[in-house]
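As structure tokens, the structure follows; a few thoughts come after it.
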Amino acid sequence: MGIIEGLTEFLPVSSTGHMILTAHLLGLNTDSDSVKTFEVVVQLGAVLAVVVLYFKKFLSLFDFRKQTRLSLRPRLNLLHIILAMIPAGILGVLLRDVIKDDLFGPQTVVYSLVIGGILMIVAEKFHPRTTAETVDDITYKQAFIVGLFQILALWPGFSRSGSTISGGLFARISATAAAEFTFLVSVPIMLGATGVDLIKSAGHLNTSDFPVFAAGFIAAFIVGMLAIKTFLGLLKRLSLTTFAIYRFIVAIIFFIILF
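With our numbering as the guide, the letters of the sequence shown map in order to residues 6 to 264.
Shown next, in the form of structure tokens:
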């Protein structure tokens with residue numbers, strides 16, 4: 006489970022969707038408090054991978070100085086992250102129970118894998134000309150547009166990176182810049198979401214669970230670091246359509262298994 010989380014958290018294939026489907030294949034009771042807590046812990050492992058790899062970039066977010074005296078466009082800073090967090094953050098809080106109760110199931114994941122894949126193909130084929138090649142070229146408006154697309158990621162199986170990279174392409178951001186921006190935005194979003202879940206699950210933790218939780222956390226952290234580096238390289242060689250086709254294949258396989 007830790008390896009699956011680390012591999013898929015930052016790829017446009019949906020880590021939550023893969024975790025739900027994997028748990029189904031392994032026969033795990035996803036309604037169990039211990040399983041839910043375990044899923045939170047492994048997500049924190051993936052978050053730590055981003056923090057380690059982008060530590061210097063996180064520090065630079067608090068620098069609001071302009072790129073040059075001739076430019077009116079500020080470098081990537083904390084305000085970009087906040088603007089990208091607001092839409093999904095608000096709806097995530099308001100619809101948390103609905104999402105957990107109605108959308109966290111293998112059947113709904115199958116549908117979202119397909120719909121999300123179609124969005125990625127459309128975004129890649131019909132996006133306008135790119136104006137932001139790197140994360141430091143992203144404007145506040147573009148950051149907010151990416152945030153609006155991140156709302157789609159509230160549906161498990163849609164994928165945070167898949168929806169935000171698609172939104173980034175529509176907002177004239179390059180795929181690699183949109184991916185890196187997604188990694189940075191994912192940290193406060195995931196820390197907030199997993200923090201709330203962990204607090205609510207605190208009563209179900211005990212020392213006997215520690216070895217299992219530690220194994221999942223470490224696996225997600227190590228594999229997550231490798232996945233981030235690999236994904237950025239793959240984006241320069243592979244199209245989003247390749248990942249969309251993978252999503253369709255997974256959806257077909259689980260459609261046959263579930264239905």
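Here a beta-carbon is modelled for each residue, glycine too, at the ideal position from N, C-alpha and C.
Predicted, not measured: the structure shown is a model, and the values here were computed from it.
TODO: Look up Ile-250 in the DSSP assignment and say whether it is helix, strand or coil.
DONE: Walking along the sequence shown from the start, residue 250 turns up at place 245. Residue state, collapsed to three classes: helix.
TODO: Go ahead and label Leu-28 buried or exposed: buried means 16 or more other beta carbons lie within 10 angstroms of its beta carbon, across all protein chains shown.
DONE: Here residue 28 refers to the residue found at position 23 when the sequence shown is read from its first residue. The residue you asked about is not Leu; residue 28 is Ala in the sequence shown. So Ala-28 ends up on the buried side.
- [ ] Compare the Cα-Cα distances from Leu-49 to each of Gly-197, Ile-254, Ala-180 and Leu-83 and report the closest residue.
- [x] On the sequence shown, residue 49 is found 44 positions in, with the first residue counted as 1. Here the closest residue by C-alpha is Gly-197.
Task: For Ala-176, three-class secondary structure by DSSP - done: For the purposes of this step, residue 176 is taken as the residue at position 171 of the sequence shown. Of the three classes helix, strand and coil, the one that applies to Ala-176 here is coil, per DSSP.
Task: Bridge partners - Ala-137, DSSP secondary structure assignment - done: As a first step, residue 137 is located in the sequence shown; it is residue number 132 there, counting from the start. Partner(s): Ile-178.
Open item on the list: Between Ile-233, Leu-124 and Pro-92, which has its C-alpha nearest Thr-247's C-alpha?
Closed with: Here residue 247 refers to the residue found at position 242 of the sequence shown. Taking only the C-alpha atoms, the option nearest Thr-247 is Leu-124.
Open item on the list: Does the structure place the stretch 162 to 176 close enough to the stretch 15 to 22 that three or more beta carbon pairs sit under 8 Å?
Closed with: yes
- [ ] Count the other CB atoms, across all protein chains shown, that sit within 10 Å of the CB of Ser-76; report buried if there are 16 or more and exposed otherwise.
- [x] Looking up residue 76 in the sequence shown gives position 71. Confidence in Ser-76 is poor, its pLDDT being 48 and thus under 50, which makes the residue's placement unreliable; the coordinate value appears in the next sentence. With fewer than 16 Cβ atoms within 10 Å of its Cβ, Ser-76 is classed as exposed.
Task: Anticipated Cβ contact below 8 Å, Ala-256 with Val-119, distance rounded - done: For the purposes of this step, residue 256 is taken as the residue at position 251 of the sequence shown. For the purposes of this step, residue 119 is taken as the residue at position 114 of the sequence shown. That pair is a contact at about 5 Å.
Task: When Gly-173, Tyr-145 and Gly-238 are compared against Arg-134, the one with the closest alpha-carbon - done: Position 129 of the sequence shown holds residue 134. Checked all of Gly-173, Tyr-145 and Gly-238; the closest Cα to Arg-134 is Gly-173.
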